[in-house]
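Participant: Got a structure here, written out as structure tokens. Questions coming.
There are 2 protein chains.
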Amino acid sequence: MTTRIAIDCMGGDHGPSVTVPAAIQFLAEHAAAHVILVGRDEALRPLLGSHVENPRLRIQHASEVVAMDESPALALRNKKDSSMRVAVNLVKAGEADVCVSAGNTGALMAISRFVLKMLPGIDRPAICAPLPTVNGHTHMLDLGANVDCGPEHLLQFGIMGAMLVSAMEHKERPTVGILNIGEEEIKGNEVVKAAAELLRASDLNFIGNVEGDGIYKGDADVIVCDGFVGNVALKTSEGLAQMLASSLRSEFKRNWLTKIAALIAISVLNNFKRRFDHRRYNGAILLGLKGISVKSHGSADVLAFGNALSRAYDAVENQVLERITGRIAQMASAPVAAVEKV
Amino acid sequence: MTTRIAIDCMGGDHGPSVTVPAAIQFLAEHAAAHVILVGRDEALRPLLGSHVENPRLRIQHASEVVAMDESPALALRNKKDSSMRVAVNLVKAGEADVCVSAGNTGALMAISRFVLKMLPGIDRPAICAPLPTVNGHTHMLDLGANVDCGPEHLLQFGIMGAMLVSAMEHKERPTVGILNIGEEEIKGNEVVKAAAELLRASDLNFIGNVEGDGIYKGDADVIVCDGFVGNVALKTSEGLAQMLASSLRSEFKRNWLTKIAALIAISVLNNFKRRFDHRRYNGAILLGLKGISVKSHGSADVLAFGNALSRAYDAVENQVLERITGRIAQMASAPVAAVEKV
């Protein structure tokens, strides 16, 4: 079996200078993979060198590029020949099994939704990504696709997240929690309370509320939340980690004594850095569509973009889409019954 | 001028063993301060030793204690002689200028609201606390008092937060931002969008949206959000910081080589730790009431609880309540006009 990945090579802050080398390296590490490099032929070809002969690689010309700050609606309407649109089209046409883009998240979401269509039984797509925890990692969704969610959407996120983790990590019954706040009187808003009821009534391995600090304690394999809260939690974490890392760096650069200390501690610091390197966690999956799009961080470097490619590859190899589709079909009656109960 | 602080000495995970030593140390450092130690006389007196003679200290007996996991509604209804209730009563009666508790947040909120009453012009109280940033710190509110907020509540939080920072940090026009997510199409939910309009129309120094990572970048002096999102952001940060700290510790403890590296790097690591020590940021202020209650973290130690006492002291010395009351009265017509515009 061959897994074919369509890569939006023009997307992201660095475009082809990152995506093309990452694709070449990815092919070297995945002997069964094929890639379709989508973008301006004249921008991609010179970066390929002798790899242009690689039979597992081809260029698909696309004349336009979606800008990072472009309105998703305009990108969807006007840029029919953008590298992003063409990459998603390749998935729709069955020429690729998955597409990967470091471009504009909103545009990727809008285009994927328009081209691939929603899965029957799923009302809204969700962005799902792994986060490190003290004892491994967890998956959180939605991280920003939907700002106003109803209880049934959060239930659907739970089902999709559980299927993803089950498929990718071979966990039989991954635990599912709902992001909430702890105060007694005000345990969550109405939507979260109702969603918890639905999740409890489902046949998921639902463990109840997870507070913000529970994300990193590894309280659950899957954590569901609406896209507003999920995006705030994710970006807050990024901001805090950046501040702590830069402060640690500057403390070690303060004077020659601290610089010597840094040299001596370098292997420890590098281990620490490696473990929480956000590049290792790059590659968010858009779930809920009749096809898979993977979103890389816009600022991804070659290593990070390569991880997004690997994640896309793993999602296909582990049949994430088939697992979700099967489960949704199978549960088709259950969620409705649960919704009616509330 | 004397500032009098009523201390709920029974609250928190550690009760009098933390609150009483912290109070004694606080008095030693603040020559003009008086404290009223509220709680079971027999539990407090033995811990005072010779300090029982200190004329700036007195014990106010209260026979009951609100448990950390007690329902706020039940605590409010049934525990009329709890240390928390009596401490808040002392503020209401004018015998204390402020009260401090490390007890049950929901109960402190419910009791403070019931006893002190809301300020005219403010619909809901908010919990406000400082957070460290790359270049100083910011204040965020609400951190968990309200889960479902309307736009006008977020406007009120902005006004109260700006007045707090203006009073405590002597900033003429502190910048105010609203916590939001960055995607183009989905820039916030409806409430946040409407709240941003109100804030823009107000005479606050409103700078617009702040994303999650902007909190720690110091994008704004004051960041408003609903209590659900604020609580998630705060606890997520706590969880991440704990995970990173414990991982750094265990990396340095891995073997004798790394232990030597730790010894050499100890002053650097201690500087780093001190700068982001969450105990330094202890003491959240409940704003919007006709009196000030300060909430300490339940797990606070003597240093952390002492910081909450200092924060309460500073709030009184800097006339935070008077500033907020004055501004609300002054702006009484403006917010209404702005609401009508939306």
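Chains as they are written, first to last, in our numbering: chain A, 5 to 346; chain B, 5 to 346. We treat Cβ as the ideally placed atom computed from N, Cα and C, and that holds for glycine. Note that the structure is a prediction, hence the values are computed from the model and not measured.
(1) Within the continuous beta strand (DSSP E) that includes F210/A, where are the two ends?
(2) Would you tell me roughly how many angstroms separate the C-alpha atoms of C132/B and I182/B, rounded to the nearest one?
(3) Short check: CB of N322/B to CB of M167/B, under 8 Å?
(4) Alpha carbon to alpha carbon, what distance is there between L290/A and G212/B?
(5) What does I182/A pair with, by DSSP beta-bridge criteria?
(6) Report the residue from T6/A, V69/A and R49/A whose alpha carbon sits nearest the alpha carbon of P25/A.
(7) Is any beta-carbon of chain A found at less than 8 Å from that of R279/B?
(8) Please report the straight-line C-alpha distance between L248/B and P129/B, rounded to a whole angstrom.
(9) Suppose the cutoff is 8 Å on Cβ atoms and the five residues either side in sequence are ignored; what does the same chain contact list for V138/A look like?
(10) Check E74/B in the structure and name its three-state DSSP category.
(11) Per DSSP, which residues does E194/A bridge with? Please list them.
(12) Could you spell out where the beta strand (DSSP E) holding I163/B opens and where it closes?
(13) Check the Cβ of Y220/A against every Cβ in chain E and list those closer than 8 Å, keeping chain order.
(14) Cutting at 7 Å between CB atoms, please list the residues of its own chain near T262/B, excluding the five before and the five after it.
(15) Find the residues of chain A that neighbour F276/B, judging by a C-beta separation of less than 7 Å, and give them in chain order.
(16) Quick one, which of V180/A, E242/A and N108/A has its alpha-carbon nearest D17/A's?
(17) Mapping the DSSP letters down to three states, classify H55/B as helix, strand or coil.
(18) Could you give the uninterrupted runs of the beta strand (DSSP E) lying entirely in the segment 222–285 of chain A, keeping only those of 3 residues or more?
(19) Given that L183/A touches chain B, what residues does it touch there, using C-beta distances under 7 Å?
(20) Any contact of the segment 98–118 of chain A with the segment 311–330 of chain A, i.e. 3+ C-beta pairs under 8 Å?
(21) Please confirm whether I40/A has its beta-carbon closer than 8 Å to some beta-carbon of chain B.
(22) Output, in chain order, the set of chain B residues within a Cβ distance shorter than 8 Å of V233/A.
(23) Please name the residues in the segment 308–322 of chain A whose beta-carbon is closer than 9 Å to at least one beta-carbon of chain B, in chain order.
(24) Considering just the uninterrupted stretch of the alpha helix (DSSP H) at P134/A, what are its terminal residues?
(25) Would the beta-carbon of I163/A fall within 8 Å of that of M335/A?
(26) Below 8 Å between beta carbons: does that hold for V42/A and I11/A?
(27) Which residues share a DSSP beta bridge with M122/B?
(28) If you draw a straight line from the alpha carbon of V306/B to that of M144/B, how long is it in whole angstroms?
(29) Can you give the beta carbon distance from V226/B to V272/B, rounded, assuming they're within the 8 Å contact cut?
(30) Let me make sure I understand the geometry here. Which of I63/B, A91/B and F30/B has the alpha-carbon closest to that of N311/B?
(31) Quick one: is V180/A near chain B, going by C-beta distance under 8 Å?
(32) Are the CB atoms of A245/A and L244/B within a distance shorter than 8 Å?
(33) Hey, could you find the ends of the alpha helix (DSSP H) R177/A is sitting in?
(34) Do you know offhand how far A111/A's Cα is from P178/A's?
(35) Would you list the residues sitting across from D318/B in a DSSP beta bridge?
(36) Which bits of chain A does A198/B rub up against, with CB to CB less than 9 Å?
Facilitator: This is what the structure holds:
(1) Taking the first residue of the first sequence as position 1, residue 210/A is located at position 206. Per DSSP, F210/A belongs to the beta strand (DSSP E) from N209 to V214.
(2) As a working mapping, residue 132/B is identified with position 128 in the second sequence. As a working mapping, residue 182/B is identified with position 178 in the second sequence. Answer to the nearest angstrom: the Cα atoms are 14 Å apart.
(3) As a working note, residue 322/B is residue 318 in the second sequence. As a working note, residue 167/B is residue 163 in the second sequence. Not a contact, by the Cβ cut-off of 8 Å.
(4) As a first step, residue 212/B is located in the second sequence; it is residue number 208 there, counting from the start. As a first step, residue 290/A is located in the first sequence; it is residue number 286 there, counting from the start. G212/B and L290/A: Cα-Cα distance of roughly 29 Å.
(5) As a first step, residue 182/A must be located in the first sequence, where it is residue number 178. I182/A pairs with N213/A and V228/A.
(6) Position 21 of the first sequence, counted from the start, is the residue given in the question as residue 25/A. If we check each option's Cα against that of P25/A, R49/A comes out closest.
(7) Counting from 1 along the second sequence, the entry for residue 279/B is found at position 275. Yes, contact with chain A.
(8) Counting from 1 along the second sequence, the entry for residue 248/B is found at position 244. Counting from 1 along the second sequence, the entry for residue 129/B is found at position 125. Computed Cα separation, rounded: 33 Å.
(9) What you label residue 138/A is simply residue 134 of the first sequence in a count that begins at 1. Taken in chain order, the residues that qualify are Y220, K221 and G222.
(10) Mapped onto the second sequence, residue 74/B falls at position 70. DSSP places E74/B in the coil class of the three-state scheme, outside both helix and strand.
(11) Taking the first sequence and counting its residues from 1, one reaches residue 194/A at position 190. For E194/A, which the question treats as bridged, DSSP gives no partner whatsoever.
(12) If you number the second sequence from 1, residue 163/B lands on position 159. Per DSSP, I163/B lies in no beta strand (DSSP E); the unbroken alpha helix (DSSP H) holding it starts and ends at P155 to E173.
(13) Protein chains in the displayed structure are A and B, and chain E is not among them.
(14) On the second sequence, position 258 is the one that residue 262/B refers to. Answer for T262/B: E255 and F256, listed in chain order.
(15) Mapped onto the second sequence, residue 276/B falls at position 272. The answer, in chain order, is S251, L252 and E255.
(16) Locating residue 17/A in the first sequence gives position 13, counting from the first residue. Nearest C-alpha to D17/A: N108/A.
(17) Position 51 of the second sequence holds residue 55/B. Helix at H55/B.
(18) The segment 222–285 of chain A contains these whole beta strand (DSSP E) runs: 226–228.
(19) Reading the first sequence from its first residue, position 179 is the one you call residue 183/A. Neighbours of L183/A on chain B, chain order: V236.
(20) They touch, by the three-pair rule.
(21) As a first step, residue 40/A is located in the first sequence; it is residue number 36 there, counting from the start. Cβ-Cβ to chain B under 8 Å: no for I40/A.
(22) What you label residue 233/A is simply residue 229 of the first sequence in a count that begins at 1. By Cβ distance, chain B contributes F232, V233 and V236.
(23) Of all residues in the segment 308–322 of chain A, none is placed with a Cβ closer than 9 Å to any Cβ belonging to chain B.
(24) Working through the first sequence from its first residue, we reach residue 134/A at position 130. Where P134/A is concerned, there is no enclosing alpha helix (DSSP H), although the beta strand (DSSP E) around it starts and stops at A130 to T137.
(25) Here residue 163/A refers to the residue found at position 159 of the first sequence. Here residue 335/A refers to the residue found at position 331 of the first sequence. At the C-beta level, I163/A and M335/A come within 8 Å of one another.
(26) Sequence index remark: in the first sequence, residue 42/A carries index 38 (1-based). Sequence index remark: in the first sequence, residue 11/A carries index 7 (1-based). Yes, they are a contact pair.
(27) The residue labelled residue 122/B in the question sits at position 118 within the second sequence. Looking at the DSSP assignment, M122/B forms a beta bridge with L293/B.
(28) Counting from 1 along the second sequence, the entry for residue 306/B is found at position 302. Counting from 1 along the second sequence, the entry for residue 144/B is found at position 140. As the crow flies, the alpha-carbon of V306/B is around 24 Å from that of M144/B.
(29) The residue labelled residue 226/B in the question sits at position 222 within the second sequence. The residue labelled residue 272/B in the question sits at position 268 within the second sequence. Wrong, their Cβ atoms sit about 32 Å apart, outside the cutoff.
(30) Numbered from 1 along the second sequence, position 307 holds the residue referred to as residue 311/B. Closest in alpha carbon position to N311/B, among I63/B, A91/B and F30/B, is F30/B.
(31) Taking the first residue of the first sequence as 1, we reach residue 180/A at position 176. V180/A is outside the set of residues whose beta carbon lies under 8 Å from a beta carbon in chain B.
(32) Translated into the one-based positions of the second sequence, residue 244/B becomes position 240. Translated into the one-based positions of the first sequence, residue 245/A becomes position 241. Cβ distance < 8 Å, so L244/B and A245/A count as in contact.
(33) Residue 177/A sits at position 173 when you count from the first residue of the first sequence. R177/A -> no alpha helix (DSSP H), and no H or E assigned at all.
(34) Start at 1 with the first residue of the first sequence, and residue 111/A comes out as number 107. Start at 1 with the first residue of the first sequence, and residue 178/A comes out as number 174. Going by the C-alpha atoms only, they are around 31 Å apart.
(35) Sequence index remark: in the second sequence, residue 318/B carries index 314 (1-based). Beta-bridge pairing links D318/B to no other residue.
(36) Residue 198/B sits at position 194 when you count from the first residue of the second sequence. Counting only Cβ-Cβ distances below 9 Å, A198/B has no contacts in chain A at all, with the closest Cβ about 13 Å away.
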